[in-house]
Amino acid sequence: MILATCHCGRVSLEVQSEPAEVTDCNCSICRRYGVLWAYYSPRQVRVLTHEAAQDTYQWGEEKIAFHRCAHCGCVSHWASLDPARDRMGVNARLMPLELLSKVRVRHLDGADTEEYVD
Ligand SMILES: [Zn+2]
1 MILATCHCGR
11 VSLEVQSEPA
21 EVTDCNCSIC
31 RRYGVLWAYY
41 SPRQVRVLTH
51 EAAQDTYQWG
61 EEKIAFHRCA
71 HCGCVSHWAS
81 LDPARDRMGV
91 NARLMPLELL
101 SKVRVRHLDG
111 ADTEEYVD
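For the sequence shown, the residue numbers in full-length UniProt numbering are 1 to 118.
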């Protein structure tokens with residue numbers, strides 16, 4: 001089990017396994033957040049925090065919501081608004097430092113081609 005925790009500790013997520021790789025995306029939202037996404041099935045992730053401790057952000061036609069701690073502001077994950085979608089993103093920057101130091105970082109050109117550029 002890997003625990004991803006915000007700075008103040010109010011928002012945490014438990015994932016079943018270490019990510020094999022994480023994604024650094026340059027799209028309009030990810031580059032501003034400065035996050036590294038580890039993708040999982042929602043069935044592999046337990047959000048250990050009450051909804052009231054989180055704020056969410058959505059815009060335009062996007063079908064996902066970005067969650068952050070309502071207290072310290074750390075972005076914790078994104079979740080699909082479509083319950084049939086078997087994918088979510090956990091911000092690996094909230095995972096233990098020793099894990100992050102060894103994981104492969106992939107670069108996604110989400111701003112334009114939606115393809116990995118490494
Ligand atoms: Zn927090």
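Every residue gets a Cβ at the ideal spot worked out from N, C-alpha and C, and that includes glycine.
- The Cβ atoms of L99 and E18 sit closer than 8 Å to each other.
- In the three-state reduction of the DSSP assignment, R87 falls in the coil class, being assigned neither a helical nor a strand state.
- DSSP lists no bridge partner for R10.
- Relative to H71, the option among S80, R32, G60, T49 whose CA is nearest is T49.
- Setting aside the 5 residues that flank it on each side, S28 is surrounded in the same chain by A111, each with a C-beta closer than 8 Å to its C-beta; the list follows chain order.
- Distances from the CB of H71 to the heavy atoms of ligand 1 include at least one below 7 Å.
- A heavy atom of ligand 1 is found nearer than 7 Å to the CB of R10.
- Taking a 10 Å sphere around the C-beta of V90, we find 16 or more other C-beta atoms and assign the residue as buried.
- No Cβ-Cβ contact shorter than 8 Å links T56 with L36.
- Secondary structure at C25: strand, using DSSP grouped into helix, strand and coil.
- Excluding residues up to 5 positions away in sequence, S12, E14 lie with their Cβ nearer than 7 Å to the Cβ of L3 in the same chain.
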